[in-house]
Amino acid sequence: KRSSMQEILKIVFMGIITAFLVVLLKSIKPEFVIPILIIASCSILISVITEVSQVLTAITDILSLTDIDHEFCKIIIKICGMCFVCNFASSLCRDCGCNVVAENIETAGKISITAFVLPLAISLLELISEILKSNVFNGV
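Numbers given in the working numbering equal positions in the sequence shown, counted from 1, plus 63.
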């Protein structure tokens, strides 16, 4: 297995080579720029998927040692994933000159995240309400 340093160096060099090719081809063969951007971006994303799965496994292992509700953590992890995917897609669209599509992806991501986090927010508000209604603060 490769080390994380080797993986990040591979990604950095892939990004630098892609940027160089895009700058070089922009004036010579502009029709190749978008496919190169898409291929390079997807390649970088695929190369970090294994790293993400290792991080998720580590988080799961750590959570199994605590009393933290796993459902809340799952929601937070899913929200982070949604942010990364929306950011990736909107950046790619922006690089291809599709700013309106990029903005729509960002808006859809924000709406989806808001809808996804609502149960967590409701649970938190209910907990706060129960604490305030209880006699915990009466003696203070």
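Cβ coordinates follow ideal geometry from the N, Cα and C atoms, glycine included.
| Check | Outcome |
| --- | --- |
| DSSP state of cysteine 161, grouped into three classes? | coil |
| Closer than 7 Å by C-beta to threonine 159: which residues in its own chain qualify, once you throw out the five before and the five after it? Chain order, please. | Sequence inspection shows cysteine at residue 159; the threonine mentioned does not correspond to that position. Excluding positions up to five away in sequence, the list reads Ile97, Leu100. |
| Between the beta-carbon of methionine 68 and the beta-carbon of alanine 103, is there less than 8 Å? | no |
| What three-state label does DSSP hand aspartate 124 in the structure shown? | helix |
| Should valine 115 be flagged as near chain C, meaning a C-beta pair shorter than 8 Å? | In the displayed structure, chain C is absent; only one protein chain is listed. |
| Between the Cα of lysine 73 and the Cα atoms of Val111, Lys89, Leu190, which residue gives the shortest distance? | Val111 |
| Using the Cβ count rule (16 or more neighbours within 10 Å means buried), how would you classify glycine 144? | exposed |
| Using three-state DSSP, classify lysine 92 as helix, strand or coil. | coil |
| For leucine 84, which residues from the same chain have a beta carbon less than 7 Å from its beta carbon, with the 5 sequence-adjacent residues on both sides left out? | Ile99 |
| From cysteine 146 to leucine 119, what does the alpha carbon distance come to, in whole angstroms? | 16 Å |
| Taking the straight line between their C-alpha atoms, what separation do you get for serine 106 and valine 75? | 12 Å |
| Assign serine 153 to one of two classes, buried (16 or more other C-beta atoms within 10 Å of its C-beta) or exposed (fewer than that). | buried |
| Near cysteine 149, what residues of its chain come up, given a Cβ to Cβ distance below 7 Å and the 5 sequence neighbours on each side ignored? | Ile168, Glu169, Gly172 |
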